[in-house]
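With the numbering used here applied, the sequence shown has no gaps in its numbers, which climb one by one up to 435 at the end.
From the three backbone atoms N, C-alpha and C, an ideal C-beta is built for every residue, glycine too.
Each remark here refers to the structure printed beneath this line.
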Amino acid sequence: MTDLLRTLMRDEAAHLDVPPPPATEILAGGHRRVRRRRVGVGATALAVTAVAGLAVGAAVTGDGSDRPADVADPGPTYGVVLADGSRVAVGEGLATVPGTVHDLVFTSEGALVRSNQNDGASDGSGPEALTLVRPDGSTVDLGTIPEGVGPATDPSESVYALAEQDGDGFVAVLRDVRTGEEVDRVPLPDRPPSYWDVPPLALDDDHVYVGYRKETWAVDRETGEVQQVVGGPGGIPDVAGGRMATTRDASVAVTDPVTGEELMVQPIDGFGFSELSPDGTHLAVTTENEETFGESTTLYAVDTGESLDLPALGAGWGWSWTPQGDALAVGKKGITVCDVVDGCSEQPLPAGFAGDVKPGGQRFES
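Written as structure tokens, this is what we have:
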């Protein structure tokens with residue numbers, strides 16, 4: 070918790086007739102990661118990093134209207150998200166969804182799960198189910214969506230976005246993850262399409278990011294203003310926490326997607342790729358050894374440049390994320406959670422989970 074946030078909470082408690090904050094629940098599962106909301110279009114996100122545990126905290130809700138605009142905005146607090154077949158674990162909550170899990174992405178209310186009932190195949194198999202799984206194990210049936218690119222989410226918000234055809238163009242339709250009700254429609258630029266039937270999206274604070282053939286565009290949700298993202302490569306945008314990650318010929322870069330400012334550049338040797346954590350505080354860079362065909366992954370803190378070489382994985386789905394921005398991997402006997410400051414810790418799998426367990430924070434088919 071930052072000094073600013075601590076001071077503001079103490080002042081609030083001293084002057085308002087409100088009960089003290091539930092410190093035990095707030096701190097359950099480890100220290101919270103905190104992302105500052107951008108005050109202007111050029112500001113970048115900051116975060117306080119710490120290892121997240123498996124313990125369940127209350128999901129952060131509300132619009133934050135009683136909090137100054139530049140005060141830290143808590144992200145999800147519900148711990149590790151995993152899937153085993155049709156079963157989904159969100160912290161200590163367990164639920165079953167229709168068919169095979171294809172997406173495990175994060176919202177402020179819990180994990181948003183896209184699943185397919187045709188043996189997991191998504192090529193021509195028809196509509197797919199969309200389900201919210203809350204940290205208490207309860208679910209919300211959000212109906213079906215066309216197969217293809219999954220929903221875009223921001224872990225600090227309770228909405229999800231999908232691109233839909235609108236006449237000759239496309240709009241990003243935002244819906245409330247708790248009800249499925251439409252809350253906004255954002256017209257998208259008319260640019261050469263990418264490799265899917267609809268443009269892939271990323272949702273980050275007040276912007277929708279759109280991937281086209283060789284371009285990425287940003288649309289301001291409040292004003293409708295559109296602009297091309299400097300250095301945006303097209304395809305599925307990797308944007309989170311006011312940052313964008315791109316892979317270049319011999320390096321990976323993290324930039325401010327609105328201003329184009331370079332925040333971090335890391336050289337890579339040979340073939341490699343990168344991925345931002347859901348809160349934008351960390352970058353995972355994976356490189357492949359052409360001689361051994363093995364992979365190695367390094368975790369970087371974007372703000373400080375600190376790094377941690379992550380343990381080698383023998384199999385599985387590779388490194389993914391917790392909702393709080395820690396690196397997460399699943400092995401045959403348990404999970405590994407890593408942070409650049411505190412290192413790695415081992416956790417057991419939920420009871421009954423075994424075999425092909427999928428970590429949260431990934432799209433397993435697009």
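Backbone CA spacing between residue i and residue j [nearest angstrom]
i	j	result
S343	R183	23 Å
E330	E284	17 Å
L345	G421	30 Å
V166	D274	28 Å
V323	A381	24 Å
P196	E216	5 Å
Q234	V267	7 Å
T355	D425	21 Å
S376	S365	13 Å
V321	L272	21 Å
G179	E226	10 Å
G400	P417	10 Å
P419	G238	45 Å
V108	V157	The pLDDT assigned to V108 is 25, lower than 50, so where the model puts this residue is not dependable; a value taken from the coordinates is nonetheless given after this. Answer to the nearest angstrom: the Cα atoms are 36 Å apart.
G206	T200	12 Å
A319	G280	22 Å
A241	D289	11 Å
V308	P256	19 Å
T208	P347	22 Å
P220	V202	15 Å
C413	P262	41 Å
G236	V246	26 Å
T292	V327	15 Å
G131	L181	With a pLDDT of 36 at G131, under the threshold of 50, the modelled position of that residue is not reliable, and the figure given next carries that caveat. Each residue's Cα considered, the two are about 18 Å apart.
E161	I337	38 Å
T248	P302	34 Å
Pair within 8 Å by beta-carbon distance, residue i and residue j
i	j	result
V159	P204	yes
K427	L163	no
S389	Q431	yes
D325	G311	yes
L397	V410	no
P457	V218	Here the chain covers residues 70 to 435 and nothing more, so residue 457 does not appear.
A230	V277	yes
D395	D408	yes
E357	G339	yes
Nearest-angstrom beta carbon gap, residue j and residue i [assumed within contact, 8 Å]
i	j	result
T350	D372	7 Å
V299	W286	The Cβ separation is near 11 Å, so there is no contact.
G341	L151	Contact flag wrong, Cβ pair sits at about 26 Å.
G154	A198	Actually they are not in contact, since the Cβ atoms of G154 and A198 sit about 14 Å apart, beyond 8 Å.
F433	V170	7 Å
M333	G374	7 Å
With 16 other Cβ atoms within 10 Å as the buried cut-off, status of residue i
i	result
N185	buried
S177	buried
F175	buried
A232	buried
R244	buried
E415	exposed
G252	According to the sequence shown, residue 252 is Val rather than Gly. Exposed, by the Cβ-count rule.
D210	exposed
G264	For the record, residue 264 in the displayed sequence is Tyr; it is not Gly. By the neighbour-count rule (16 or more Cβ atoms within 10 Å), Y264 is not buried but exposed.
A423	exposed
R282	exposed
T222	buried
R260	buried
G212	exposed
Distance cut-off 7 Å: residue i Cβ against heavy atoms of the ligand NAD
i	result
V149	In the structure on display, the ligand NAD does not appear, and there are no ligands present to speak of.
Below-8 Å beta-carbon distance, residue i vs any chain B residue
i	result
V159	The structure shown has no chain B; it contains just one protein chain.
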